[in-house]
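Undergrad:
There are 2 protein chains.
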Amino acid sequence: MPGNQTKVDNSLSPHGGVLVERVAPLTGGPQDPTLRLPEIAVRDQLARECVNIAYGFFSPLEGFMGSADLDSVARAMTLASGYVWSIPILFDIDAKELDNLGVAAGDAVLLTHQGLPLATLEIQEIYDYDREFLSQQVYGTTDSAHPGVQRTNGYGDRFIAGPVTLVNPPSINPPFDRFWQTPRQIRETLSNLGWSRVVAHQSRNVPHSGHEWLMKGAYLAAEADGILVSAVIGEKKPGDYIDEAIVLTHQRLRDTGFFKEDVHHTSALLWDMRYAGPREAVFHALVRKNLGCTHHMFGRDHAGVGSYYDTYAAHQIFDGLPDLGIKSVLTLEWWYCPTCAGVAYEGLCGHPEQKQELSGTFIRSIIQGGVEPAPLTLRPEVLEVVRSCADQYGFGSPFVGDDYLENRTPVMTMHDIQCDRCTCTCTREKA
Amino acid sequence: MPGNQTKVDNSLSPHGGVLVERVAPLTGGPQDPTLRLPEIAVRDQLARECVNIAYGFFSPLEGFMGSADLDSVARAMTLASGYVWSIPILFDIDAKELDNLGVAAGDAVLLTHQGLPLATLEIQEIYDYDREFLSQQVYGTTDSAHPGVQRTNGYGDRFIAGPVTLVNPPSINPPFDRFWQTPRQIRETLSNLGWSRVVAHQSRNVPHSGHEWLMKGAYLAAEADGILVSAVIGEKKPGDYIDEAIVLTHQRLRDTGFFKEDVHHTSALLWDMRYAGPREAVFHALVRKNLGCTHHMFGRDHAGVGSYYDTYAAHQIFDGLPDLGIKSVLTLEWWYCPTCAGVAYEGLCGHPEQKQELSGTFIRSIIQGGVEPAPLTLRPEVLEVVRSCADQYGFGSPFVGDDYLENRTPVMTMHDIQCDRCTCTCTREKA
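Structure follows, in structure tokens:
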């Protein structure tokens, strides 16, 4: 498959061997020449990706991809350098906006967000690429009902490639501030915990007992020192769990002893799901390797949507790849079995005809029905947090609705470069 | 530590690379010259060990150990060849009996059991060895209260070394006949099951839910295809579970679906426990490697007795050894946790103050009290088998008592060489 893989060592951690860090807060105040660069205002997705690039979540990427990298990712699932990479990281822009800016390769631009400076982008290339081919390669489909294809089709008609430098780090708002850390900080946390074998659990859910055992089983399978919950915080669809409930319920499992304090840590990853199934599983593995994880668990339908991917496609894709320096821990289902009188593993339980699926749908009915769940479905301690999150953050519901989409407190807040002029309500230390 | 280890590959499976098989049933009928060799009648322990040697359970051993092997095992935990070996396998005899026989190195003897021929032993060496030193090295103590030391002290005053050939294979009586297989047969069974990663579970117990989860956790930790229960059937002490209950209750867990049919197999190993703690753990690992296992689970106090060994001594000993070709899966305790509402793992459960130990003592009180156990202590399906075994095999008790010691049906039955004259009640095909 990928042609250049043999030339590089994909097992290095962080990916590529060096943790990318491209953060250079402006020091010149309002007179800093950077503030006089042509400006491009970026939407939430691109702002999150600038932050991720700058802190090395996407190491070895130093910026948005050029055509050589993109073509190699699309065709061979590697960067042009040979390192495995599965998901395009692209800066798209409308041709008209680009014309108005009058910039070209060799120029630098200032990316702004929430009306304030965020990062610089040194333009190395401006190009276009066949989106239909790209969707087919990345998502295995060109069906516009697929949310990843939809996103691709919605991109502006040009891509700008080049390195990104964060010039004005945003602050992360409560309750996410205690969960979000840079890869360097997460690595320090894991090191302070004394964890050398760390298994990542990707989550966009309030954890039910099936998720709890998925984590417990993967902890055992990885012979791990600890579990890093990596909650994906990003673009929401109506009906999703609200972001606040996801991180706070995972934390609650630890706070109430369903995990020992020294084996469980919850973190937040700012990422807009692509629903690319197996390709996204590879991406998740690489990002969590950058966080310092040695193992990543993958269950059924990982990062999938609809019926585009086989149930265990994410299990199979790793077979064809070189050693990624993070081992995939492949798990089947955990269900409730009345005969076993507990949560049972599909690979071991001999009573499949009695299984009671701990599905998201079932758990939603518990939450919506206001019924106290049995202890081995959703922990009452978790339900309590779901309910308080609904009140505090969800406009009455733990599920995303119009109010939440329009009026939630943003996860990230930008600050004025000269912070003593900043009118935000942040508690950031004034310069 | 051991000097010759670097010269040999301890990772080969079977141990030493070749499955020893030394079985040559006599074909000459009552006139076979072997039957005219000097005879030594052997006790149960030695008869079991002859069978084990002959079928390769103890590969690479081809017979009882000579002084060079014994000294190397005692001092360096290897055979003289350099292969790791931890437990002496000795043929002891009283000097007086030896004198009466009038045999010397170079002679062969016929070993008999139950008054019938069993095996030949080609004498290579007759020697003595310092038992106090031996006990100190193998058991870490010379305390005669230690059952292994006691056994060593009780040995006859000479050791005979040399290769053993089974000339009259015994039959294994019900209910053990469906569980006992030779290493070659077990390997075939595992192969037919499609298992390439097999984790061994050593047992001398009726399995409670803690044992059940020990197996389930080790299955996950080993990313195994299946679990081989290897029940140790041998010399019994009063109060032990009767052998029949051990194998039949393990089998019951599978028959009632607490394990899927294709992940669990119960087998019997004829072995008299030495209670040598960590040294016995190494021995267990090597024997199970000979059966085709790739992993061996070790919990607390493995093969220990009293307080001679650290709780997790069996976990530590493997660190100092070369790759044995069988990986140890080290597990902490599983207990019942009322808050978790299930069997919980010591390494994960944050409610240790609430733990309800699933100890053997507690389970005995359930069995003896005639009280129906809660589902997550001893499975009712298992208790049912315990009770039927008490009636059918245990003279009214599932625990070994005097009646059982004196009147139980032996596990092995010898047959007359000329089987058409055999007066036993076996169903063996007549010659």
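As they're listed, the protein sequences go chains A and B. Residue numbering for the first sequence is 9 to 439, as defined by my numbering. Residue numbering for the second sequence is 9 to 439, as defined by my numbering. Cβ coordinates follow ideal geometry from the N, Cα and C atoms, glycine included.
Show which residues of chain D have a CB atom less than 9 angstroms away from the CB atom of residue 383 of chain A.
TA: You won't find chain D in this structure, because its protein chains are A and B.
Undergrad: At least one CB of chain B closer than 8 angstroms to the CB of residue 229 of chain A: is that the case?
TA: Indexing the first sequence from 1 puts residue 229 of chain A at position 221. Yes, contact with chain B.
Undergrad: Restricting to Cα atoms, I'd like to know which of A/317, A/221 and A/178 is closest to residue 385 of chain A.
TA: Sequence index remark: in the first sequence, residue 385 of chain A carries index 377 (1-based). Among A/317, A/221 and A/178, the Cα nearest to that of residue 385 of chain A is on A/221.
Undergrad: Is residue 376 of chain B near the ligand NAP, judged by its Cβ being under 7 angstroms from some heavy atom?
TA: Because no ligand of any kind appears in the structure shown, any question about the ligand NAP cannot be addressed here.
Undergrad: For residue 252 of chain A, which option in A/405, A/236, A/224 and A/232 has the closest C-alpha, if you only look at C-alpha atoms?
TA: In the first sequence, residue 252 of chain A corresponds to position 244, counting from 1. The candidate whose alpha carbon is nearest that of residue 252 of chain A is A/405.
Undergrad: Whose C-beta lies closer than 8 angstroms to the C-beta of residue 347 of chain B among residues of the same chain, with five residues either side of it excluded?
TA: Numbered from 1 along the second sequence, position 339 holds the residue referred to as residue 347 of chain B. 359 and 362, listed in sequence order.
Undergrad: How would you label residue 79 of chain B, buried or exposed, when you count the other beta carbons within 10 angstroms and need 16 or more for buried?
TA: For the purposes of this step, residue 79 of chain B is taken as the residue at position 71 of the second sequence. So residue 79 of chain B ends up on the buried side.
Undergrad: Tell me the rounded alpha-carbon separation between residue 231 of chain A and residue 304 of chain B.
TA: As a first step, residue 231 of chain A is located in the first sequence; it is residue number 223 there, counting from the start. As a first step, residue 304 of chain B is located in the second sequence; it is residue number 296 there, counting from the start. Roughly 14 angstroms separates the two Cα atoms.
Undergrad: Where does residue 2 of chain A sit, in a helix, a strand or coil, going by DSSP?
TA: Residue 2 of chain A lies beyond the stretch modelled for chain A, which goes from 9 to 439, so this question has no answer here.
Undergrad: Determine the extent of the beta strand (DSSP E) in which residue 100 of chain B is found, giving its start and end residues.
TA: As a first step, residue 100 of chain B must be located in the second sequence, where it is residue number 92. Taken as a continuous stretch (DSSP letters only), the beta strand (DSSP E) holding residue 100 of chain B covers 99–101.
Undergrad: Select from B/342, B/379, B/277 and B/331 the residue whose C-alpha is nearest the C-alpha of residue 187 of chain B.
TA: Position 179 of the second sequence, counted from the start, is the residue given in the question as residue 187 of chain B. Residue 187 of chain B has its Cα closest to that of B/277, out of B/342, B/379, B/277 and B/331.
Undergrad: Going by beta carbon distance, what residues of the same chain come within less than 7 angstroms of residue 289 of chain B, once the five residues before and after it are set aside?
TA: Here residue 289 of chain B is taken as the residue at index 281 of the second sequence, counted from 1. Closer than 7 angstroms at Cβ, skipping near neighbours: 306, 310, 311, 322 and 325.
Undergrad: Rounded to the nearest angstrom, what separates residue 364 of chain A and residue 343 of chain A at their Cα positions?
TA: In the first sequence, residue 364 of chain A corresponds to position 356, counting from 1. In the first sequence, residue 343 of chain A corresponds to position 335, counting from 1. Distance between the alpha carbons of residue 364 of chain A and residue 343 of chain A is about 6 angstroms.
Undergrad: Does the separation of the CB atoms of residue 236 of chain B and residue 294 of chain B fall below 8 angstroms?
TA: The residue labelled residue 236 of chain B in the question sits at position 228 within the second sequence. The residue labelled residue 294 of chain B in the question sits at position 286 within the second sequence. No; because the gap between Cβ atoms is not below 8 angstroms, this pair is not in contact.
Undergrad: Within 10 angstroms of the Cβ of residue 141 of chain B, are there 16 or more other Cβ atoms? Answer buried if so, exposed if not.
TA: Position 133 of the second sequence, counted from the first residue, corresponds to residue 141 of chain B. It is exposed - the Cβ of residue 141 of chain B has fewer than 16 other Cβ atoms within 10 Å.
Undergrad: Quick one: any contact between the stretch 262–271 of chain A and the stretch 165–181 of chain A, if contact means 3 or more CB pairs under 8 angstroms?
TA: No: fewer than three Cβ pairs fall under 8 angstroms.
Undergrad: For residue 122 of chain B, name the three-state secondary structure that DSSP assigns.
TA: As a first step, residue 122 of chain B must be located in the second sequence, where it is residue number 114. Here residue 122 of chain B sits in coil by DSSP.
Undergrad: Counting C-beta neighbours from all protein chains within 10 Å, is the total for residue 54 of chain B 16 or more, i.e. buried, or is it exposed?
TA: For the purposes of this step, residue 54 of chain B is taken as the residue at position 46 of the second sequence. Per the 10 Å Cβ criterion, buried.
Undergrad: Three or more C-beta pairs under 8 angstroms: does that hold for the stretch 123–137 of chain A against the stretch 29–48 of chain A?
TA: Cβ pair count under 8 angstroms is three or more, so yes.
Undergrad: Would you call the stretch 111–126 of chain A and the stretch 41–59 of chain A in contact, with 3 or more CB pairs under 8 angstroms?
TA: Touching, yes.
Undergrad: Contact criterion: CB-CB distance below 8 angstroms. Does residue 23 of chain A meet it with respect to chain B?
TA: Counted from its first residue, the first sequence places residue 23 of chain A at position 15. Closer than 8 angstroms: no.
Undergrad: How far does the beta strand (DSSP E) with residue 353 of chain A in it reach, from first residue to last?
TA: The residue you call residue 353 of chain A lines up with position 345 of the first sequence. That run of the beta strand (DSSP E) goes 350–353.
Undergrad: Can you name the start and end residues of the beta strand (DSSP E) that residue 285 of chain B belongs to?
TA: For the purposes of this step, residue 285 of chain B is identified with residue 277 of the second sequence, where counting begins at 1. No beta strand (DSSP E) contains residue 285 of chain B, which DSSP labels as neither H nor E.
Undergrad: Does the structure place the stretch 241–255 of chain A close enough to the stretch 198–214 of chain A that three or more beta carbon pairs sit under 8 angstroms?
TA: These segments touch.
Undergrad: With DSSP collapsed to three states, give me the class of residue 239 of chain B.
TA: Position 231 of the second sequence, counted from the first residue, corresponds to residue 239 of chain B. Note: residue 239 of chain B maps to strand in three-state DSSP.
Undergrad: Against residue 269 of chain A, what residues of chain B qualify as contacts under a CB-to-CB distance less than 9 angstroms, listed in chain order?
TA: Reading the first sequence from its first residue, position 261 is the one you call residue 269 of chain A. Neighbours of residue 269 of chain A on chain B, chain order: 358.
Undergrad: Mark residue 380 of chain A as exposed unless 16 or more other C-beta atoms lie within 10 angstroms of its C-beta, in which case mark it buried.
TA: For the purposes of this step, residue 380 of chain A is taken as the residue at position 372 of the first sequence. With fewer than 16 Cβ atoms within 10 Å of its Cβ, residue 380 of chain A is classed as exposed.
Undergrad: So what does DSSP say about residue 371 of chain B, is it helix, strand or coil?
TA: Within the second sequence, the letter at position 363 stands for residue 371 of chain B. The answer is helix: DSSP assigns residue 371 of chain B an H, G or I state.
Undergrad: Give me the Cα-Cα distance between residue 273 of chain A and residue 223 of chain A, rounded to the nearest whole angstrom.
TA: Position 265 of the first sequence holds residue 273 of chain A. Position 215 of the first sequence holds residue 223 of chain A. Distance between the alpha carbons of residue 273 of chain A and residue 223 of chain A: 12 angstroms.
Undergrad: Please look up how many angstroms separate the CB atoms of residue 250 of chain B and residue 135 of chain B, rounded, as I've assumed it's under 8 angstroms.
TA: As a working mapping, residue 250 of chain B is identified with position 242 in the second sequence. As a working mapping, residue 135 of chain B is identified with position 127 in the second sequence. Rounded, the Cβ-Cβ distance is 38 angstroms, inconsistent with contact.
Undergrad: If we ignore side chains and look at the alpha-carbon of each, how far apart do residue 47 of chain A and residue 162 of chain A end up?
TA: On the first sequence, position 39 is the one that residue 47 of chain A refers to. On the first sequence, position 154 is the one that residue 162 of chain A refers to. Going by the C-alpha atoms only, they are around 22 angstroms apart.
Undergrad: Would a C-beta distance cut-off of 8 angstroms place residue 351 of chain A and residue 375 of chain A closer than the cut-off?
TA: Residue mapping note: residue 351 of chain A aligns to position 343 of the first sequence, counting from 1. Residue mapping note: residue 375 of chain A aligns to position 367 of the first sequence, counting from 1. Contact: no.
Undergrad: In or out: residue 315 of chain A buried (at least 16 other Cβ within 10 Å) or exposed?
TA: The residue you call residue 315 of chain A lines up with position 307 of the first sequence. With fewer than 16 Cβ atoms within 10 Å of its Cβ, residue 315 of chain A is classed as exposed.
Undergrad: Please classify residue 335 of chain A: does DSSP put it in a helix, a strand, or coil?
TA: Walking along the first sequence from the start, residue 335 of chain A turns up at place 327. Looking at residue 335 of chain A - three-state DSSP - the assignment turns out to be strand.
Undergrad: With a Cβ-Cβ cutoff of 8 angstroms, do residue 146 of chain A and residue 96 of chain A count as a contact?
TA: Working through the first sequence from its first residue, we reach residue 146 of chain A at position 138. Working through the first sequence from its first residue, we reach residue 96 of chain A at position 88. Contact: yes.
Undergrad: Considering only residues of the stretch 123–148 of chain A, which uninterrupted beta strand (DSSP E) runs meet the minimum length of 3 residues and lie entirely inside it, listed in chain order?
TA: Qualifying beta strand (DSSP E) stretches, in chain order: 124–130 and 133–135.
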